[in-house]
Structures are given as structure tokens and as C-alpha cells.
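Chemist: Residue numbers (our numbering): 26 to 181.
Sharing a structure here in C-alpha cells format.
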């Protein structure tokens with residue numbers, strides 16, 4: 026997966042957190058979040074948290090005016106599918122985020138970027154990010170409320 030480096034940057038910062046293909050977390054880790062890996066253009070991928078339907082849908086449908094016209098309808102359709110819950114079983118690649126079963130709550134809160142951002146924004150958040158390769162790659166997260174409200178961007 027060409028976006029593996031992104032998951033390493035975001036979810037391997039502490040020994041209490043790891044990521045793996047859906048259903049393949051190592052023993053001793055429990056599932057806390059799942060991301061859909063959506064194909065994009067030119068070998069890039071777009072990852073969106075499936076933590077909240079409305080937030081996931083907004084990650085795909087917000088800012089559509091900035092996208093090429095031919096890319097808007099598929100994103101709108103997939104966004105509708107995410108909002109209704111119909112798309113989740115049909116999504117191809119998914120990534121599970123896990124935390125060590127033995128980890129204390131404060132360790133988990135400080136290790137998970139979504140938990141940290143949720144504390145900063147004072148609400149549950151959904152994050153989405155694009156990924157590709159190249160020498161100037163920098164993760165930029167889109168942050169949405171669970172209700173779908175855009176909250177901001179975070180450059181890592």
C-alpha cells in the first residue's frame with residue numbers, strides 16, 4: 026500500500042498503538058477506529074475515518090467545488106453511501122487502528138491523533154487525509170465533527 030508511510034507517521038508514534046489491514050490487528054490490541062482507503066488519482070489514496078457516518082460523508086463531499094467536475098459525482102455518490110451506511114460493506118481496503126489492551130486511558134488519549142484533536146475541538150472528530158509518495162510529502166489532515174461540520178486542517 027502506497028500510503029503505509031502515512032499510517033506509520035500517524036499511528037505508530039507510541040508503542041501502545043498500531044495499525045493493520047482490517048481484521049488483522051496483532052494479539053494484545055483492541056480495535057478503536059477504522060479507515061477506508063479510497064482510490065484517488067495518479068496512484069494516490071484518500072483515507073477517511075469510518076468513526077461517524079455524517080463526518081465520513083462530509084470528508085468526501087465538502088469542498089467539491091474545488092474538484093474537477095468529473096470527480097464530483099462519484100464523490101457525492103460515495104458520500105451518500107457513507108452517510109446512509111450502505112457503502113461501508115462495499116468498501117475495498119480498510120485499515121484498523123488498535124491500542125494495546127494494557128494501555129491506560131491517558132496513554133491512549135495522548136497517542137491517538139483523533140482523540141487529541143477531539144480534546145482540542147471539544148467534540149468527537151472524524152479525520153481524513155490523502156496520500157501519495159514523493160520527496161515533499163507531508164500529511165495534511167482534514168478534521169470534521171461527527172455531525173459533518175468542517176473544523177479545520179492539520180499539517181503534521
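Note that beta-carbon positions come from the ideal geometry of N, C-alpha and C, so glycine has one too.
Since the model is a prediction, treat every value here as computed from it, not as a measurement.
In this structure, how does DSSP classify residue 62 when only helix, strand and coil are distinguished?
Modeler: For this step, residue 62 is matched to residue 37 along the chain shown. Three-state result, residue 62: strand.
Chemist: If you draw a straight line from the C-alpha of residue 98 to the C-alpha of residue 83, how long is it?
Modeler: Taking the first residue of the chain shown as position 1, residue 98 is located at position 73. Taking the first residue of the chain shown as position 1, residue 83 is located at position 58. Cα-Cα distance, rounded: 14 Å.
Chemist: On the DSSP bridge assignment, give the partners of residue 44 in chain order.
Modeler: Working through the chain shown from its first residue, we reach residue 44 at position 19. Its beta-bridge partners are 122.
Chemist: What would DSSP say about residue 56, mapped onto helix, strand or coil?
Modeler: Along the chain shown, one-based indexing puts residue 56 at 31. If DSSP states are grouped into helix, strand and coil, residue 56 belongs with the strands.
Chemist: Where do the ends of the beta strand (DSSP E) carrying residue 153 lie?
Modeler: Taking the first residue of the chain shown as 1, we reach residue 153 at position 128. Note, residue 153: beta strand (DSSP E), 150-156.
Chemist: Mind checking residue 167: buried by the 16 CB within 10 Å criterion, or exposed?
Modeler: Numbered from its first residue, the chain shown carries residue 167 at position 142. That one is buried.
Chemist: With three or more C-beta pairs closer than 8 Å as the rule, is the segment 146-153 touching the segment 118-135?
Modeler: Too few Cβ pairs lie closer than 8 Å, so no.
Chemist: For residue 104, which of helix, strand or coil comes out of DSSP?
Modeler: Residue mapping note: residue 104 aligns to position 79 of the chain shown, counting from 1. Here residue 104 sits in helix by DSSP.
Chemist: Look at the Cβ atom of residue 70, then the Cβ atom of residue 58, and state whether they are nearer than 8 Å.
Modeler: Numbered from its first residue, the chain shown carries residue 70 at position 45. Numbered from its first residue, the chain shown carries residue 58 at position 33. No, the pair does not count as a contact, with Cβ atoms beyond the cut-off.
Chemist: Which first and last residues belong to the beta strand (DSSP E) in which residue 167 is found?
Modeler: Residue mapping note: residue 167 aligns to position 142 of the chain shown, counting from 1. Counting along the chain, the beta strand (DSSP E) containing residue 167 begins and ends at 165-170.
Chemist: Using a 10 Å radius around the Cβ and a threshold of 16 neighbouring Cβ atoms, would you call residue 62 buried or exposed?
Modeler: The count along the chain shown starts at 1 and reaches residue 62 at position 37. By the neighbour-count rule (16 or more Cβ atoms within 10 Å), residue 62 is buried.
Chemist: Out of 145, 100, 162 and 43, which has the shortest C-alpha to C-alpha gap to residue 169?
Modeler: Taking the chain shown and counting its residues from 1, one reaches residue 169 at position 144. Residue 145 is the option with its Cα nearest to residue 169.
Chemist: I want to know whether the segment 31-49 touches the segment 103-113 - three or more CB-CB distances under 8 Å.
Modeler: With a cut-off of 8 Å, the segment 103-113 and the segment 31-49 do not count as touching, because too few Cβ pairs lie within range.
Chemist: Buried or exposed, going by whether 16 or more other CB atoms sit within 10 Å of the CB of residue 147?
Modeler: Looking up residue 147 in the chain shown gives position 122. Looking at its Cβ environment, which holds fewer than 16 other Cβ atoms inside 10 Å, residue 147 is exposed.
Chemist: Under 6 Å Cβ to Cβ from residue 132, same chain only, skipping five residues before and after it: list those, please.
Modeler: Working through the chain shown from its first residue, we reach residue 132 at position 107. The residues are 41.
Chemist: Just grab the DSSP bridge partners of residue 194 for me.
Modeler: Residue 194 lies beyond the residue range present for the chain, which begins at 26 and ends at 181; the question has no answer from this structure.
Chemist: Is the CB-CB distance between residue 171 and residue 80 below 8 Å?
Modeler: Against the chain shown, residue 171 aligns to sequence position 146. Against the chain shown, residue 80 aligns to sequence position 55. For residue 171 and residue 80, yes; Cβs fall inside 8 Å.
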